[in-house]
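Remarks on the structure that follows.
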DNA sequence: GAAAACAGTACCATTTTGGTCCGGTATTGA
DNA sequence: TCAATACCGGACCAAAATGGTACTGTTTTC
Ligand code: FES
Ligand code: FES
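Rendered as structure tokens:
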């Protein structure tokens, strides 16, 4: 179904919850409650997101998490990459030289091209736009352009 | 890694092989040989592609497969949908109402938007372009537009 | 009617995913 | 000082998806 993993979906939910309280440091329990997700799951998500530098963590009593940058400076691509690693549509295109067919294979260049385009779409969607929950104009423009080119 | 399944990758290889011989009806064995893939695997792929109406099949001696439409009229989106079903980035966005969080969840609209944009990118890449193996200008344009919007 | 070649389906091994748990460490504050 | 809070880093497991293969049936040609 060409889908993103469920954890990645949840990660966006968690990030919007955190972004909704820009001033506060929220504990995992608070975030889990607000996102309506299980606490251990949220904990795992936040570890990944922290590792990617998207959230800051604070230990000890009254510890928790906070966005590391303003929501405008965090894109959907950042979140997806934090959860799933680099964006590449095919195995061949990331593991350069692993596929013994690559020399004769004419499609790898095309796949790399569309991977880049999809990365662009993901970069165009910011956390701030997701928080607003509105139609998000830029992605729509990209759709129209792509369709016009087809 | 936000990747398409390996079978889908192989499907594009198989489709370009078939497209390279627009006049002939190729047997599964010939296609497997040309694509350097295992015969049973190619057989499975072609069955799927046939169901989706992308290739025509002919039974009996000297049977085989042929493109159902010209390569210019087959997009990467067609192939991906044939292999993986409808393009939707999240489980929630396809199974409307399955997710009990949907009412409070503010991100589903954003995901739907990017799913549409990504569908546009996939629709913009035709089999003919993949066959040419060249940089494929349209997808690049889409990338630039998306990045400009970011 | 024999051979060629696709159709359908069932099956299994492996990998990936989703989800949970636990011992360790840092911070706060009584 | 010391206990409570809360993140950190793993290990761990069950379930699902994936990929690959095999087998039986049907259609067409010669
Ligand atoms: S590069 Fe591996 S199949 Fe194309
Ligand atoms: S609609 Fe299911 S998590 Fe957003």
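Chains as they are written, first to last, in full-length UniProt numbering: chain A, 1 to 150; chain B, 1 to 150. Where is the CB? At the ideal position from N, CA and C, for every residue including glycine.
- Beta-bridge partners assigned by DSSP to residue 65 of chain A: A/26 and A/57.
- Taking 9 Å as the cut-off, the Cβ atoms of residue 8 of chain B and residue 84 of chain B count as close.
- Counting every other CB atom within 10 Å of its CB across the protein chains shown gives residue 112 of chain A a total of 16 or more, marking it as buried.
- Under the three-state reduction of DSSP output, residue 43 of chain A falls in the helix class.
- Checking the 8 Å criterion, the Cβ of residue 108 of chain B is within range of a heavy atom belonging to ligand 2.
- Counting along the chain, residue 16 of chain A sits inside the alpha helix (DSSP H) bounded by residues 6-19.
- In this structure, ligand 1 has a non-hydrogen atom nearer than 8 Å to the beta-carbon of residue 92 of chain A.
- When CB distances to chain B are screened at a threshold of 9 Å, the residues of the region 3-14 of chain A falling below it are 3, 4, 5, 6, 8, 9, 12 and 13, in chain order.
- Annotation for residue 109 of chain A: no residue places its beta carbon closer than 8 Å to its own, counting only its chain and skipping 5 residues before and after.
- Residues 18, 46, 49, 65, 66, 67 and 68 of the same chain have their beta carbon placed closer than 7 Å to that of residue 55 of chain A, with the five preceding and five following residues left out of the count.
- In this structure, residue 27 of chain A sits near residue 63 of chain A, with a CB-CB distance shorter than 9 Å.
- For residue 18 of chain A, not one C-beta of chain B is nearer than 9 Å to its own C-beta.
- Scanning its chain for C-beta atoms nearer than 7 Å, with the 5 sequence neighbours on each side dropped, one finds around residue 35 of chain B the residues 13, 14, 17 and 42, in chain order.
- Residue 122 of chain B: member of the alpha helix (DSSP H) spanning 108-124, first to last residue.
- It is roughly 7 Å from the alpha-carbon of residue 121 of chain B to the alpha-carbon of residue 117 of chain A.
- Judged by their CB atoms, residue 89 of chain B and residue 3 of chain A are nearer to each other than the 9 Å cut-off.
- Residues of chain A whose Cβ lies closer than 7 Å to the Cβ of residue 28 of chain B do not exist; the shortest such Cβ separation is about 18 Å.
- DSSP places residue 76 of chain A inside the alpha helix (DSSP H), whose first and last residues are 76-84.
- With respect to the 9 Å criterion, residue 131 of chain A and residue 71 of chain A are classified as neighbours on the basis of their beta carbons.
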